[in-house]
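For the protein sequence lines, the chains are A and B, in the order given.
Start counting the first sequence at 1; every next residue gets the next number (our numbering).
Start counting the second sequence at 1001; every next residue gets the next number (our numbering).
Just so it is clear, CB atoms sit at the ideal spot from N, CA and C, and this is done for glycine as well.
The structure presented is a predicted model; accordingly, all values stated were derived computationally and were not measured.
Written out below as structure tokens is the structure these notes cover.
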Amino acid sequence: GESVGLHLPTLSVQEGDNSIINCAYSNSASDYFIWYKQESGKGPQFIIDIRSNMDKRQGQRVTVLLNKTVKHLSLQIAATQPGDSAVYFCAEIPETYKYIFGTGTRLKVLA
Amino acid sequence: ETGVTQSPTHLIKTRGQQVTLRCSSQSGHNTVSWYQQALGQGPQFIFQYYREEENGRGNFPPRFSGLQFPNYSSELNVNALELDDSALYLCASSRQGAKSPLHFGNGTRLTVT
């Protein structure tokens, strides 16, 4: 399939290591946040979400951290696997109809 | 549960032409949103449809228009195509109400020459 992005920031990690992908958001009114994973040739796939009344939320191998003071969001992936290679986007949601996506980070898992 | 499906998967058009892209929403979802994703960028919000009416719009000109049908499927129409309209067009469905994840299709890759 076609590449999702050719000049994205890239994070390279060894298989089995933990990955941390960061995102800064801009709108103080945003009270809901989502991380998406996009593989080449596919649409964004939901990973995990968090609401502004929480600082941390855990899923299977993934954790999202929210720091509202500095408007920062991070996605931690434990024991990174080759199948985790993709572009990751954060989205902030200030209004119910409009999701604002970041520019994305490409994660490369090295064998 | 049927996911979001989009057609066609790829399309090549000439500048000045018009194009219609189609989307079937996930079962149980009544809201459809369209996003434009240029190469190397995140998706940009075009508009959202609920109850067959536009429910919100991003910073796109009027030549981008849409429809939602009673079965919640949707069309995106773009008139007077420009070279910069070349992008991946993503459809996403959701349920109206509390904020919740959008469920995306795999998109239509539009190339304008």
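Between the segment 1017-1033 of chain B and the segment 1056-1073 of chain B there are three or more C-beta pairs closer than 8 Å, enough to call the two in contact. When Cβ pairs closer than 8 Å are counted between the two stretches, the segment 12-27 of chain A is seen not to touch the segment 38-58 of chain A, the count staying below three.
Interface annotation, glutamine 1017 of chain B: not in contact with chain A, CB-CB separation never under 8 Å. Straight-line measurement puts the Cα of serine 52 of chain A at about 8 Å from the Cα of phenylalanine 33 of chain A. The alpha carbon of asparagine 18 of chain A has as its nearest neighbour, out of A/Val62, A/Tyr88, A/Glu95, A/Ile48, the alpha carbon of A/Val62. Glutamine 1068 of chain B does not reach chain A, its nearest Cβ partner there being about 13 Å away, counting only Cβ pairs nearer than 8 Å.
At least one beta carbon of chain A lies nearer than 8 Å to the beta carbon of glycine 1105 of chain B. Cβ-Cβ separation between asparagine 1106 of chain B and glutamine 1006 of chain B: approximately 6 Å, consistent with a contact (criterion under 8 Å). The closest CA to that of phenylalanine 1060 of chain B, considering only B/Phe1069, B/Ile1046, B/Val1078, is found on B/Ile1046.
DSSP places glycine 83 of chain A in the helix class (H, G or I) of the three-state scheme. The C-beta of histidine 1103 of chain B has 16 or more other C-beta atoms within 10 Å across all chains shown, which makes the residue buried. Contact annotation for asparagine 1055 of chain B against chain A: Thr96, Tyr97 [CB-CB distance below 9 Å, chain order].
With fewer than 16 other Cβ atoms from the protein chains shown falling within 10 Å of its own Cβ, lysine 56 of chain A counts as exposed. Where asparagine 67 of chain A is concerned, the enclosing beta strand (DSSP E) starts and stops at 62-67. Assignment of beta-bridge partners to glutamine 1048 of chain B by DSSP yields B/Ser1033, B/Gly1056. DSSP lists A/Phe46, A/Phe89 as the beta-bridge partner residues of tyrosine 36 of chain A.
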